[in-house]
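In full-length UniProt numbering, the protein residues as written are 1 to 522. Beta carbons: idealized from backbone N, C-alpha and C, even for Gly. Keep in mind that this is a model prediction, so the values were computed, not measured. Following: one structure in structure tokens, then a few remarks.
Here is the structure:
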């Protein structure tokens, strides 16, 4: 005999124990027999999903997560946790099981976002729909950039190229090159190369270019360094150029370099008499120029040279050697003479002609002692002196004068006489005495060409038109006399006379007459 009974309304996925007790009717009485026991599990149903997945804690390689169990935990045996990095193909996902609602993910990569799927599992392995959420590992120091190289170097710029680090490249937000943070990365289309231009650099300068990766929170990784030198450019002009002239045959020149690309220095110079430059190169910041001429003014140019030979702009300075006594002018001669002017020429001295860039000229009237004209002339070895008196002996003296110290040579001289000139009019004609038959007059010699006068003609005319005249000689050459007196004799009593005086030269040229009126005594 077999009996069956269906037990319903049981919970799924649960352990059920059954006790079966037979009952017998003996003589109308209900008697229980010995009980029999059995147990079994109800079948699984699909479990419900966990909820509210959150990131509890994180590190470089770990993240702790938690979630809420479903409202009904029936049929939930375990939880399966799967996590996969997002946008990072260098590591695979991982799945593990746990009975807890909190789990620590191990062996993660820093600086990555992971997608997490938590699934409820029934005892027979039925799975719920997954709970999906994302988590993030913490920031970490990036590795060292690879293959740092420098290309396209000029005198003021260069390009630096590099590739991502091998270690923790996902942590890189940007790169710092030298001292220039670069957060906007520019990546070439071939080979994963980054590059950046460094500009406003100094020419001829050694640079150590470093490239370091920066994480998202600013953690800097180890630097990769490459050394290079910028190209040459023409150096900057030197400054503070000074010339020390303390000798007659040398000049000491010193200067200060500026900027970059200074290798050697080029010094060129010439004197005022020669425009051809002499040049020499030195590796110091001063030089003594030797073998120079005394009394000479020099124009000096100093320029900096780059190691490759580029020459910068020249700085000009001037200086002079000390003076020595100049030589005497040679061959002084009179080249032309008029009544008022005398022209002369002379040649340069035979010794130290450059020291006679100026000449002192004295023109002395030797017929009238203590009368002289003196001046300092240009370097030109000729001149004309005007405003002289005619018929007068002049001594022309010339000596050389050094340009700076005023040293002078001995005088050289020559004497000549000016030509005959027309006399000027007599001065201050007046009557000094009058009697019944005599008038005495006086006058002063002319200012102009007085030494050309050989005679004075004195004429007088009465009221009847009767004219008489007389000749009066000038003072002798050895007489220092400027006033001349003449007596008019045999005149009429109580008579009026018009008296005139004219000076004449040896050519007969008359001066302008000077006239006065005079009367004899009654």
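Bridge partners for residue 160 per DSSP, in chain order?
Residue 160 is bridged by DSSP to 150, 196.
So what's residue 333 in DSSP terms, helix, strand or just coil?
Three-state DSSP puts residue 333 in a strand.
DSSP has residue 98 in a bridge; who is on the other side?
Checking the DSSP bridge columns, you'll see residue 98 partnered with 79.
At the level of alpha carbons, what is the spacing between residue 472 and residue 503?
The straight-line gap from Cα to Cα measures roughly 9 Å.
By a C-beta neighbour count over all protein chains shown, 10 Å radius and 16 as the cutoff for buried, is residue 73 buried or exposed?
Residue 73 is exposed by the Cβ-count criterion.
Beta-carbon proximity of residue 360 to residue 399, cut-off 8 Å
The criterion of a C-beta distance shorter than 8 Å is satisfied by residue 360 and residue 399.
Residues near residue 33 in its chain [Cβ-Cβ closer than 8 Å; skip 5 each side]
When the five nearest sequence neighbours on each side are left out, the beta carbons in the same chain lying within less than 8 Å of the beta carbon of residue 33 are those of 21, 22, 23, 24, in order along the chain.
What's the C-alpha gap between residue 356 and residue 446?
Near 40 Å, if we compare the C-alpha coordinates of residue 446 and residue 356.
Taking residue 477 as the reference, give the member of 489, 454, 491 with the closest Cα.
Comparing Cα positions, the closest option is 454.
Using the Cβ count rule (16 or more neighbours within 10 Å means buried), how would you classify residue 31?
Per the 10 Å Cβ criterion, exposed.
For the beta strand (DSSP E) holding residue 501, just list the boundary residues, first then last.
Unbroken beta strand (DSSP E) run through residue 501: 496-504.
What's the gap between the Cα of residue 229 and the Cα of residue 150?
The straight-line gap from Cα to Cα measures roughly 10 Å.
Do you know how far the Cα of residue 408 is from the Cα of residue 365?
For residue 365 and residue 408, the distance between alpha carbons rounds to 23 Å.
Let me know the secondary structure DSSP gives residue 524 once reduced to three states.
Shown here, the chain extends from 1 to 522; a query on residue 524 therefore has no answer.
Please go through the same chain and pick out, in chain order, the residues whose beta-carbon is closer than 7 Å to the beta-carbon of residue 93, but skip the five residues on each side of it.
Closer than 7 Å at the Cβ level, and outside the excluded window around residue 93, lie 82, 83, 84.
Shortest alpha-carbon distance to residue 416 belongs to which of 341, 195, 469, 124?
Proximity to residue 416 across 341, 195, 469, 124 peaks at 341, based on C-alpha coordinates.
Report the CB separation of residue 120 from residue 44 in whole angstroms; it is logged as a contact under 8 Å.
Between residue 120 and residue 44 the beta-carbon gap is near 11 Å, outside 8 Å, which marks them as no contact.
Using the beta-carbon count (16 or more within 10 Å), is residue 169 buried or exposed?
Here residue 169 is buried. Its C-beta has 16 or more other C-beta atoms within 10 Å.
Could you give the first and the last residue of the continuous beta strand (DSSP E) run that contains residue 487?
483-488 is the span of the beta strand (DSSP E), which, as asked, contains residue 487.
Report the three-state DSSP secondary structure of residue 513 (helix, strand or coil).
Looking at residue 513 - three-state DSSP - the assignment turns out to be coil, as it is neither helix nor strand.
Secondary structure of residue 430, DSSP reduced to three states
Secondary structure at residue 430: strand, using DSSP grouped into helix, strand and coil.
Ignore the nearest five residues each way along the sequence and tell me which others in residue 133's own chain have a CB closer than 7 Å to its CB.
Excluding residues within five positions, the ones whose Cβ falls inside 7 Å are 53, 116.
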